[in-house]
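Chemist:
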Amino acid sequence: MNFERKVLIGMVHLKPLPGSYLYDGNFDEVVEHAIDEAKKLEKAGFDAIMVENFRDIPFPKTVEKITVAAMSVIAKAIREEVSLPLGINVLRNDGIAAYSIAYAVKADFIRVNVLSGVAYTDQGIIEGIAYELAKLRKLLPSKIKVFADVHVKHAYHFGEFEDALRDTIERGLADAVIISGKATGSEVDLEKLKKAKEISPVPVIVGSGTTYDNLPKLWKYADGFIVGTWIKKEGKTKNDIDLRRAKKLVELANELRNW
Numbered sequence: 017m018n019f020e021r022k023v024l025i026g027m028v029h030l031k032p033l034p035g036s037y038l039y040d041g042n043f044d045e046v047v048e049h050a051i052d053e054a055k056k057l058e059k060a061g062f063d064a065i066m067v068e069n070f071r072d073i074p075f076p077k078t079v080e081k082i083t084v085a086a087m088s089v090i091a092k093a094i095r096e097e098v099s100l101p102l103g104i105n106v107l108r109n110d111g112i113a114a115y116s117i118a119y120a121v122k123a124d125f126i127r128v129n130v131l132s133g134v135a136y137t138d139q140g141i142i143e144g145i146a147y148e149l150a151k152l153r154k155l156l157p158s159k160i161k162v163f164a165d166v167h168v169k170h171a172y173h174f175g176e177f178e179d180a181l182r183d184t185i186e187r188g189l190a191d192a193v194i195i196s197g198k199a200t201g202s203e204v205d206l207e208k209l210k211k212a213k214e215i216s217p218v219p220v221i222v223g224s225g226t227t228y229d230n231l232p233k234l235w236k237y238a239d240g241f242i243v244g245t246w247i248k249k250e251g252k253t254k255n256d257i258d259l260r261r262a263k264k265l266v267e268l269a270n271e272l273r274n275w
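Residue numbers for the sequence shown follow my numbering, so the first one is 17 and each next one is one higher.
1) When the Cα atoms are used, what is the spatial distance from Ser36 to Val84?
2) CB-CB under 6 Å to Phe115, same chain, minus the five flanking residues each way: which ones, in chain order?
3) Could you check what DSSP says for Val166 in three-state terms: helix, strand or coil?
4) Determine, using beta carbons only, whether Ile141 and Val134 come nearer to each other than 8 Å.
5) Can you tell me whether Lys252 is buried or exposed, with buried defined as 16 or more other CB within 10 angstroms of its CB?
6) Is the separation between the beta-carbon of Val79 and that of Asp110 shorter than 8 Å?
7) Do Pro15 and Phe19 have their C-beta atoms closer together than 8 Å?
8) Measuring only the C-alpha atoms, how far is Gly223 from Ala164?
9) On the DSSP letters alone, give me the boundaries of the alpha helix (DSSP H) that Val266 sits inside.
10) Starting from Val220, follow its DSSP beta bridges and name the residues at the other end.
11) Which residues mark the beginning and the end of the beta strand (DSSP E) in which Lys137 is found?
12) Could you pull the DSSP bridge partners for Leu102 from this structure?
13) Going by the CB atoms, is the gap between Ala50 and Leu30 shorter than 8 Å?
14) Tell me which residue opens and which closes the alpha helix (DSSP H) that Val47 is part of.
15) Tell me which residues share the same chain as Arg71 and place their Cβ nearer than 7 Å to its Cβ, disregarding the 5 neighbours each side in the sequence.
16) Report the partner residues of Lys31 according to the DSSP bridge assignment.
17) Classify Asn105: buried if its beta carbon has 16 or more other beta carbons within 10 angstroms, exposed otherwise.
18) Starting from the Cα of Asp256, find the closest Cα among Ala123, Leu57 and Arg21 and give me that residue.
19) Buried or exposed for Arg21, please, with buried defined as at least 16 other CB atoms from any protein chain shown within 10 angstroms of its CB.
20) Just to confirm, are Leu268 and Leu234 a CB contact at a threshold of 8 Å?
21) Which one of Arg108, Arg187 and Ala171 has the shortest CA to CA distance from Pro76?
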């Protein structure tokens, strides 16, 4: 996946997976729902999709083997049905699982919430995994890109943002950085986004809170936008994707590309 033009990455928020507290026992329905959501994003004109175990609450820091198996099955099924570039995010911070799944299904990128540094979260203290992930990438070379959050959402951070940004790129070896708001669906801090775009040598991606109304404002300061909440029915994260809203956002992005 490249950033020769600004990209829209649509989220496929998976239903609760086997092994998670809210799983209802119907795995076939989980797979079918994921494929349907991915097809909506393709039909709407999104540039890429990302699969995430969003409803596996409460999250562990690293996931169980059944989660890796389930996500691999789902990602492969999507890969066979949808032609868009595919990304994997394994919550809360299992970049090793994400890369393993991506490698097995020939996905294009992964998201890592805490690649470098330390985050204080509802799962406790989460430490960066840059070293472990670099070892795996050396063992299993691929074209899979690592998109890494800087001061990830749903967490507290005590270091300076600019220092964390540089560490994530220079010491964590991120291929792109993600800048988000404080929580899912929260608008990104524009000043942080501007600063990231100013100093980052790698692509900068908005990781939360992109909407039809604020996309024009954010457009010049980012190379990509991960969109989940706004394209859902009624703009609510828990709902399924609304194809009309998804198409509307893509149409606006195409207009902005032509300005």
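We put the beta carbon where it would ideally sit given N, CA and C, even for glycine. Computed from a prediction, not measured in an experiment: that's the story for all the values here.
Modeler: Let me spell this out:
1) Residue numbering aside, residue 36 sits at position 20 when the sequence shown is read from its first letter. Residue numbering aside, residue 84 sits at position 68 when the sequence shown is read from its first letter. Going by the C-alpha atoms only, they are around 12 Å apart.
2) Stepping through the sequence shown from its first residue, residue 115 is reached at position 99. Note that residue 115 corresponds to Tyr in the displayed sequence, not to Phe. The answer, listed in chain order, is Ile126 and Leu152.
3) Position 150 of the sequence shown, counting from 1, holds the residue named residue 166. In the structure shown, Val166 sits in coil (DSSP, three-state: anything other than H, G, I, E or B).
4) Reading the sequence shown from its first residue, position 125 is the one you call residue 141. Reading the sequence shown from its first residue, position 118 is the one you call residue 134. Going by C-beta atoms, Ile141 is nearer than 8 Å to Val134.
5) Translated into positions along the sequence shown, residue 252 becomes position 236. Exposed.
6) Working through the sequence shown from its first residue, we reach residue 79 at position 63. Working through the sequence shown from its first residue, we reach residue 110 at position 94. Contact: yes.
7) Examination of residue 15 is not possible in this model, given that the chain is present from 17 through 275 alone.
8) As a working note, residue 223 is residue 207 in the sequence shown. As a working note, residue 164 is residue 148 in the sequence shown. Between Gly223 and Ala164, the C-alpha separation is close to 10 Å.
9) Numbered from 1 along the sequence shown, position 250 holds the residue referred to as residue 266. Segment Leu259 to Asn274, the alpha helix (DSSP H) holding Val266.
10) Taking the first residue of the sequence shown as 1, we reach residue 220 at position 204. Val220 pairs with Val193.
11) By 1-based counting over the sequence shown, the position of residue 137 is 121. Per the sequence presented here, residue 137 reads as Thr, with Lys not at that position. That run of the beta strand (DSSP E) goes Val134 to Thr137.
12) As a working note, residue 102 is residue 86 in the sequence shown. Paired residue(s): Ile65.
13) Counting from 1 along the sequence shown, the entry for residue 30 is found at position 14. Counting from 1 along the sequence shown, the entry for residue 50 is found at position 34. Yes; because the gap between Cβ atoms is below 8 Å, this pair is in contact.
14) Stepping through the sequence shown from its first residue, residue 47 is reached at position 31. Val47 -> alpha helix (DSSP H) spans Phe43 to Ala60.
15) Start at 1 with the first residue of the sequence shown, and residue 71 comes out as number 55. So the qualifying residues of the chain are His29, Leu30, Lys31, Pro32 and Leu38.
16) As a position in the sequence shown, residue 31 is number 15, starting the count at 1. DSSP, once it has assigned bridges, lists no residue as partnering Lys31.
17) Taking the sequence shown and counting its residues from 1, one reaches residue 105 at position 89. Under this definition Asn105 is a buried residue.
18) For the purposes of this step, residue 256 is taken as residue 240 along the sequence shown, with counting starting at 1. Among Ala123, Leu57 and Arg21, the Cα nearest to that of Asp256 belongs to Leu57.
19) Walking along the sequence shown from the start, residue 21 turns up at place 5. Burial call: exposed.
20) Along the sequence shown, read from residue 1 onward, the residue named residue 268 stands at position 252. Along the sequence shown, read from residue 1 onward, the residue named residue 234 stands at position 218. Result no, Cβ atoms of Leu268 and Leu234 do not sit closer than 8 Å.
21) Working through the sequence shown from its first residue, we reach residue 76 at position 60. Comparing Cα-Cα distances from Pro76 to each of Arg108, Arg187 and Ala171, the minimum goes to Arg108.
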